[in-house]
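Undergrad:
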Amino acid sequence: MKQIRKLLILFIIVVLGSIGYGYYKGKEIPVIEKIDVSEGTVRFNLDNAGYEGKTDKTLVENITYDSESNTFEKLYKKSDLIVKVSLKNRKQDYNTICSDVNILDIYKGTPLNEKTIQVYEPFGYQEKDFINIFGACLPMRENQTYILFLKENADQRYQYISSLYGKYNYEQDAYMEVYDSEMKAKDMMQYDMLDFNKDKYYEIMKELGYTDMDLKANEGGYQRLAELKDTREIIRASFDQLVSKNNRIH
Numbered sequence: 124m125k126q127i128r129k130l131l132i133l134f135i136i137v138v139l140g141s142i143g144y145g146y147y148k149g150k151e152i153p154v155i156e157k158i159d160v161s162e163g164t165v166r167f168n169l170d171n172a173g174y175e176g177k178t179d180k181t182l183v184e185n186i187t188y189d190s191e192s193n194t195f196e197k198l199y200k201k202s203d204l205i206v207k208v209s210l211k212n213r214k215q216d217y218n219t220i221c222s223d224v225n226i227l228d229i230y231k232g233t234p235l236n237e238k239t240i241q242v243y244e245p246f247g248y249q250e251k252d253f254i255n256i257f258g259a260c261l262p263m264r265e266n267q268t269y270i271l272f273l274k275e276n277a278d279q280r281y282q283y284i285s286s287l288y289g290k291y292n293y294e295q296d297a298y299m300e301v302y303d304s305e306m307k308a309k310d311m312m313q314y315d316m317l318d319f320n321k322d323k324y325y326e327i328m329k330e331l332g333y334t335d336m337d338l339k340a341n342e343g344g345y346q347r348l349a350e351l352k353d354t355r356e357i358i359r360a361s362f363d364q365l366v367s368k369n370n371r372i373h
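For the sequence shown, my numbering gives the first residue as 124, with consecutive numbering after it.
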């Protein structure tokens, strides 16, 4: 097995071990307030990024997201809350990121607090060492506004309905082309989403020693990422059309 594959497997074992330790052994994992995600290194798990929900291809971090929410109608139906927000601050909560956001507008639902809510963003976070991206959404940026499609958790915090289709920059998404599995976090924070080129990614993976069989095993996820921009633009257009008629889209 190639070195990159070994590192990926080792990382997954570490993450799963940390989550299991915190949740199942009842031990406290410290919450770190007001983290700066522009520091450190970003790692992309592209082999599984296109998978969500309970499938044999889905990483444990993406199981809670809805693989069927890939149209505006489905996102709307399954969302407890649809809001326009701006980032206030974020913290490390267990091995993930929980962000405080200011609510600027409400399109569906009634939050307990109509000024601020807490939202889990779909990333793994290990202090300042690295951020692991499991889907295609990148962290919300400061001084930007976003439309979020959210479901409420039992702890009265929220998470995206989908890690691929649950967040939109209100003005326009900035896409980052990614061909490697690692980059500096400060570079990532200029963008909102991954821009995935399946053919280019296959070319690079083959240079690293991956076989056609290796790549074929995750082709469904790669295809979903390759179609990501077009699907998101269709969803955005449907949202904009309804909001232009009526601010609340009930």
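We treat Cβ as the ideally placed atom computed from N, Cα and C, and that holds for glycine.
For clarity, every value in this text was computed on a predicted model and none was experimentally measured.
Rounded to whole angstroms, what is the Cα-Cα separation between Glu237 and Ala349?
TA: 36 Å
Undergrad: Might you give, ordered along the chain, the residues of its own chain that have their beta carbon closer than 6 Å to the beta carbon of Ile229, omitting 5 neighbours on each side?
TA: Val206
Undergrad: Cα separation between Arg193 and Asn218?
TA: Note that residue 193 corresponds to Asn in the displayed sequence, not to Arg. Taking the straight line joining both Cα atoms gives about 27 Å.
Undergrad: Let's see if you can read the secondary structure: which residues bound the beta strand (DSSP E) around Asp322?
TA: Note, Asp322: premise wrong, no beta strand (DSSP E); alpha helix (DSSP H) at 321 to 330.
Undergrad: Going straight from the alpha carbon of Ser361 to that of Lys290, what length do you get?
TA: 14 Å
Undergrad: Excluding the 5 residues flanking Tyr147 on each side, which residues of the same chain have their C-beta closer than 6 Å to its C-beta?
TA: Because the pLDDT of Tyr147 is 34, which lies under 50, any placement of that residue in the model is unreliable, and the number read from its coordinates should be weighed accordingly. Within its own chain, no residue has a Cβ closer than 6 Å to the Cβ of Tyr147 once the five positions on either side in sequence are excluded.
Undergrad: Less than 7 Å between C-beta atoms, sequence neighbours within five positions excluded: which residues of the same chain meet that for Asp189?
TA: Glu175, Gly176, Lys201, Ile284, Ser285
Undergrad: Counting only runs of 4+ residues fully inside the segment 186 to 260, write out the alpha helix (DSSP H) ranges in chain order.
TA: 195 to 201
Undergrad: Beta-carbon within less than 8 Å of Thr268's beta-carbon, same chain only, minus the 5 sequence neighbours each way: which residues are those?
TA: So the qualifying residues of the chain are Lys207, Val208, Ser209, Leu227, Asn292, Tyr293, Glu294.
Undergrad: Look at the alpha carbon of Arg359 and the alpha carbon of Arg166, and state the distance between them as a whole number of angstroms.
TA: Their backbone Cα atoms lie some 28 Å apart in a straight line.
Undergrad: Between the Cα of Gly344 and the Cα atoms of Glu162, Asp216, Ala172, which residue gives the shortest distance?
TA: Ala172
Undergrad: Counting along the chain, where does the alpha helix (DSSP H) carrying Val301 start and finish?
TA: Here Val301 belongs to no alpha helix (DSSP H), and DSSP marks it neither H nor E.
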